[in-house]
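Down below is the structure, laid out as structure tokens.
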Amino acid sequence: MEHYTPVKKTLLSVYQARLLLAALQQKKSSVHVSLDLGRTTETVTLKDDRFVFPDGKSITIDDIKKIIKHDTAVYLVEDDSIMKVHFFNQELALFYKLYPVGADKPTTFDISGINMHAIKDTDPWTDTKKKLKTISPIRGNVLDTCMGLGYTAMFAAKEAEHVVTCERDLHVIELARINPWSRELFDGAKEGKIEILNTSSFDYVQKCSNETFDVIIHDPPRPNFARELYSNAFYAEVLRVLKRGGTFYHYTGTPFVSTQKRNLADEIARRLTSLGFTGVVKVYGGLLAKKPNTKTPQRAVRSRRD
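In our numbering, the protein residues as written are 11 to 316.
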């Protein structure tokens, strides 16, 4: 089993850079600012037009202006210089980067320009908690099919006995390791509550025994990034590895609704029902479905407003 640990670096976004620049313009000798994207604050010293961090590293005013200019990126301080926190997966032709949401709000990340969390009038943690509230109480063994920054696994582990979370791309795991808001993911892994697997959930579920999980949480990227995670073959495996009476949450969001006059949630609800899921309902962000307690599923699709 792989063991992943967080990477502790000095991290800055536009929100911290603006505070540092303002302190310099006001001729302050020091300023309290977050160096972990809003989780804590530390003292930064201003000396000879340089910003000196507690570990002795320093950067220039030009570095700060660069961070402010690129306001949808996160930078780490390395050897008295700054580096953007981003990765490119050549095999998948996908570009990943950490994306700041606010001065003291959890970070999101995007894949080739598409944010992986709802951030309009909300933030990634709030959005994740609202999704999980549709399942609560979360009990037993849980599968989180798409780890991302690990927020789903983190919060599910507060209730569940054990959480397995899958992430196919090591670049995304590296983003989570760098992201301070993912720290509890690795705390959970260290405590044995969370198991982080570098694998596709499509491949993983095929290797699982029947009726392994009490809850499966499926929050995949858009279909064009992972079409297999929207396939009937995958859904059939999910049904197989769910325990009887188990719960399946499927995030759907609203892709395709406005541009192609298709409703992804309705399409998936019909397919889940045809495969044998029962009690399929629309909930916050997507669908909730059950594996029937008996061998004869009730084939009904309804809508519930929460």
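Idealized CB from N, CA, C, for every residue including glycine.
DSSP, read as helix, strand or coil, puts V291 in strand. G158 is classed as buried because its beta carbon has at least 16 other beta carbons within 10 Å across all chains shown.
Selection V182, V84, E201 evaluated against P231 yields V182 as nearest (Cα-Cα).
About 6 Å separates the beta carbons of K19 and I188, which is inside the 8 Å limit, making them a contact pair. Looking at the backbone, the Cα of K200 and that of G255 are separated by about 30 Å. A residue is called buried once 16 or more other Cβ atoms fall within 10 Å of its Cβ, and R178 is buried on that count. Residues A33, V54 of the same chain have their beta carbon placed closer than 6 Å to that of V41, with the five preceding and five following residues left out of the count.
Here DSSP, grouped into helix, strand and coil, assigns E184 to helix. Listed in chain order, the non-local C-beta contacts of I74 below 6 Å within the same chain comprise A27, L30, L31, local neighbours out to five positions each way being set aside. When Cβ pairs closer than 8 Å are counted between the two stretches, the stretch 151-171 is seen not to touch the stretch 86-95, the count staying below three.
Less than 8 Å separates the beta-carbon of V152 from that of F223. With respect to P233, L47 sits apart: the two C-beta atoms are not nearer than 8 Å. Bridge partners of Y240 according to DSSP: none are assigned. According to DSSP, residue pairing for D59 in a beta bridge does not occur.
By the criterion of at least three beta-carbon pairs nearer than 8 Å, the stretch 49-64 is not in contact with the stretch 99-106.
DSSP links D154 through a beta bridge to T175, I227. Boundaries of the alpha helix (DSSP H) harbouring R193: 193-201, taken from the DSSP string. When the five nearest sequence neighbours on each side are left out, the beta carbons in the same chain lying within less than 8 Å of the beta carbon of E12 are those of I206, L207, N208, in order along the chain. DSSP places T138 in the uninterrupted alpha helix (DSSP H) bounded by 134-143.
Rounded to whole angstroms, the separation of the alpha carbons of T262 and R280 is 13 Å.
Around the beta carbon of A243, fewer than 16 other beta carbons sit within 10 angstroms, so the residue counts as exposed. The DSSP assignment places complete beta strand (DSSP E) segments of no fewer than 3 residues inside the stretch 87-124 at 91-94, 96-99, 104-109, 118-121, in order along the chain.
Beta-bridge partners of L207 (DSSP): C176. The three-state secondary structure of L31, taken from DSSP, is helix.
Pairing M126 with L21, the inter-Cα distance amounts to about 20 Å. R254 carries a strand assignment under DSSP once its states are collapsed to helix, strand and coil. In the three-state reduction of the DSSP assignment, A246 falls in the helix class.
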